[in-house]
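See below for the structure under consideration.
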Amino acid sequence: KQWYQRRVAITAGNDLEKRLDRYQSKCDQLEIENKDLQKNYEKQTQDKKEIVAFLKKKLEQMGDEVADLQEKLISLQQSKDAEKDSYELQITQLKTEAQETKDQLTSENMLINGKLEQLEDFRQNKEELEQKFKNMEELLDHEQNNHKDAVYNLERKEVQKRKKYRLRLCVDTTA
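Encoded structure:
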């Protein structure tokens with residue numbers, strides 16, 4: 001019985017040793033896996049730190065770029081506003097000049113139209129006067145011709161009267 005108990009104890013001890021060996025092997029394997037996992041975790045942690053550092057640096061650079069771009073945008077906006085104000089002022093000046101030119105040309109045009117009307121009136125008056133002058137010249141020519149005819153007729157009658165008178169004198173003196 002002792003032998004059996006011993007045998008059972010030895011078998012139990014062997015079983016326990018085998019179990020212990022298996023557990024030890026399993027423990028060693030788990031420790032190796034744990035070390036690998038720990039290394040992997042540390043590597044991932046380090047990678048994460050590097051990535052975070054890289055991203056922080058990139059974010060800082062982008063922030064600087066954004067700040068630069070905002071400054072440029074503000075500068076361009078101010079420049080654009082100044083240009084716009086300048087162009088609006090030029091447009092206003094050009095509109096004013098154009099209106100003044102238009103008003104001046106309208107005034108000159110009215111003055112020229114007035115002068116043109118005066119010239120047209122003058123031309124009509126001149127034509128009327130020329131026509132009257134021509135009519136008067138024709139009337140004068142006609143009157144001069146009538147006068148010449150009348151003078152001629154009077155002279156002819158006078159000549160005829162003198163002839164008759166001489167003829168009568170001659171007849172009276174011979175008689």
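Letter 126 of the sequence shown, counting from 1, is numbered 126 in my numbering, and no numbers are missing.
Just so it is clear, CB atoms sit at the ideal spot from N, CA and C, and this is done for glycine as well.
- Residues of the same chain with a CB within less than 8 Å of the CB of asparagine 109, apart from the 5 flanking positions on each side, do not exist.
- Lysine 163 has its alpha-carbon roughly 18 Å from the corresponding atom of valine 151.
- Distance from the CA atom of leucine 119 to the CA atom of leucine 111, rounded to whole angstroms, is 12 Å.
- CA-CA distance, glutamate 143 to tyrosine 165, rounds to 31 Å.
- Within the model, the alpha-carbon separation for glutamine 24 versus glutamate 50 is close to 38 Å.
- One Cα belongs to lysine 132, the other to asparagine 125, and the distance between them is close to 10 Å.
- Spanning the alpha carbons of glutamine 5 and alanine 12 requires a straight line of approximately 10 Å.
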